[in-house]
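**Q**
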Amino acid sequence: MDLKYTSLILFKRDIGEVNRIYSLYTLEEGKIQAVGRGVRKPNAKLAGNIEPLTHVEVYVSKKKGLGNITGAIVLNNFSSVKADFLAISRVFWALSHFDKLIVGQEKDVQVFELLLEYMEAMEKLSLEGRAEYKMDIVTLGFLFKLAESLGYKVIVEYCARCFGKILAGNDNFFGAECGGALCSCCAKMERKKVKNSDTSIKLMRIFLKNKIRSFSKIEVSEHDLRELKLIWKELVDWV
Ligand SMILES: [Zn+2]
Numbered sequence: 043m044d045l046k047y048t049s050l051i052l053f054k055r056d057i058g059e060v061n062r063i064y065s066l067y068t069l070e071e072g073k074i075q076a077v078g079r080g081v082r083k084p085n086a087k088l089a090g091n092i093e094p095l096t097h098v099e100v101y102v103s104k105k106k107g108l109g110n111i112t113g114a115i116v117l118n119n120f121s122s123v124k125a126d127f128l129a130i131s132r133v134f135w136a137l138s139h140f141d142k143l144i145v146g147q148e149k150d151v152q153v154f155e156l157l158l159e160y161m162e163a164m165e166k167l168s169l170e171g172r173a174e175y176k177m178d179i180v181t182l183g184f185l186f187k188l189a190e191s192l193g194y195k196v197i198v199e200y201c202a203r204c205f206g207k208i209l210a211g212n213d214n215f216f217g218a219e220c221g222g223a224l225c226s227c228c229a230k231m232e233r234k235k236v237k238n239s240d241t242s243i244k245l246m247r248i249f250l251k252n253k254i255r256s257f258s259k260i261e262v263s264e265h266d267l268r269e270l271k272l273i274w275k276e277l278v279d280w281v
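Here's what the structure looks like:
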């Protein structure tokens with residue numbers, strides 16, 4: 043019997059002469075792997091429907107071990123992202139973090155919806171030919187929301203160490219071990235920390251309170267993006 047999964051194809055890897063292993067994030071079971079038999083043969087019809095970054099309904103026949111993909115119906119091809127180097131490089135960067143953060147096979151509807159919302163936002167930005175920094179902000183926003191969904195919500199409303207106020211204009215930091223913003227006093231006692239300006243704190247607050255599709259309206263400078271990327275790196279390294 044074939045199992046039906048609604049999924050986003052994440053990655054593919056060649057095995058043997060003509061086969062591939064695919065990583066999928068599914069609505070029904072979270073992250074799974076399945077084999078595409080014969081997909082590297084010329085004229086293999088299935089291959090085109092299960093390219094990475096495709097939203098598909100996929101059929102998997104499973105007896106033991108990894109199942110075999112027997113068919114796929116494309117729901118959204120995200121063709122604009124796939125043809126856009128700026129978009130695709132950011133999406134694969136985000137997916138590499140997604141893949142590291144999601145361990146084990148577990149159904150998570152919220153994560154699935156976030157992933158699709160992210161892909162839809164990137165497709166829209168790409169179709170509209172929007173600037174690179176817009177793609178960066180949407181990508182970072184997605185990752186901070188993903189971390190929240192997985193139980194790593196960053197504390198940005200107050201100091202994560204003393205629970206005191208984070209005063210604007212002060213020399214504030216971010217400490218992944220404490221799980222969020224550090225006031226200037228607490229920062230002196232933390233060994234591992236990165237700079238956390240008022241703008242970064244504001245951006246993280248926006249990410250946690252709003253939908254991904256609204257992030258493209260945010261205006262940021264190169265400097266803000268760089269700082270936010272460092273904060274993300276600090277968080278993901280700790281996780
Ligand atoms: Zn503090």
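First residue of the sequence shown? That's 43 in our numbering, and the numbers climb one at a time after it. The C-beta atom is built at its ideal place from N, Cα and C for all residues, glycine as well.
Name all residues in chain order for which at least one heavy atom of ligand 1 lies closer than 7 Å to the residue's CB.
**A** 201, 203, 204, 206, 224, 225, 227 and 228
**Q** Please report the straight-line C-alpha distance between residue 211 and residue 157, rounded to a whole angstrom.
**A** 35 Å
**Q** With the cut-off set at 8 Å, would you say residue 64 and residue 80 are in Cβ contact?
**A** no
**Q** Just tell me which of 279, 204 and 196 has its CA closest to the CA of residue 245.
**A** 196
**Q** Please identify the residue among 114, 56 and 164 whose C-alpha is closest to the C-alpha of residue 128.
**A** Minimum Cα distance to residue 128 is reached at 164.
**Q** Excluding five sequence neighbours on each side, which residues of the same chain lie with their C-beta closer than 7 Å to the C-beta of residue 270?
**A** 182, 242 and 245
**Q** Which runs of the alpha helix (DSSP H) at least 4 residues long sit entirely within the region 144–227? Give them in chain order.
**A** 151–169 and 174–191
**Q** Which residue from 229, 232 and 217 puts its Cα closest to that of residue 278?
**A** 217
**Q** Could you check if residue 87 is buried or exposed, using at least 16 other CB atoms within 10 Å of its CB as the buried criterion?
**A** exposed
**Q** Which residues does DSSP list as the beta-bridge partners of residue 77?
**A** Note: residue 77 sits in a beta bridge opposite 63 and 110.
**Q** Specify, as a first and last residue, the run of the beta strand (DSSP E) that residue 46 falls within.
**A** 44–57
**Q** Are there 16 or more other CB atoms within 10 angstroms of the CB of residue 236, so buried, or fewer, so exposed?
**A** buried
**Q** Spatial neighbours of residue 110 within its chain, please: C-beta separation below 6 Å, excluding the five flanking residues on both sides.
**A** 77, 79 and 103
**Q** Tell me the DSSP bridge mates of residue 97?
**A** 50 and 118
**Q** Please report how far the alpha carbon of residue 85 lies from the alpha carbon of residue 162, in whole angstroms.
**A** Looking at the two C-alpha atoms, the distance is approximately 29 Å.
**Q** Which residues in the same chain have their Cβ closer than 6 Å to the Cβ of residue 229, if we skip the five residues on either side of it in sequence?
**A** 215 and 235
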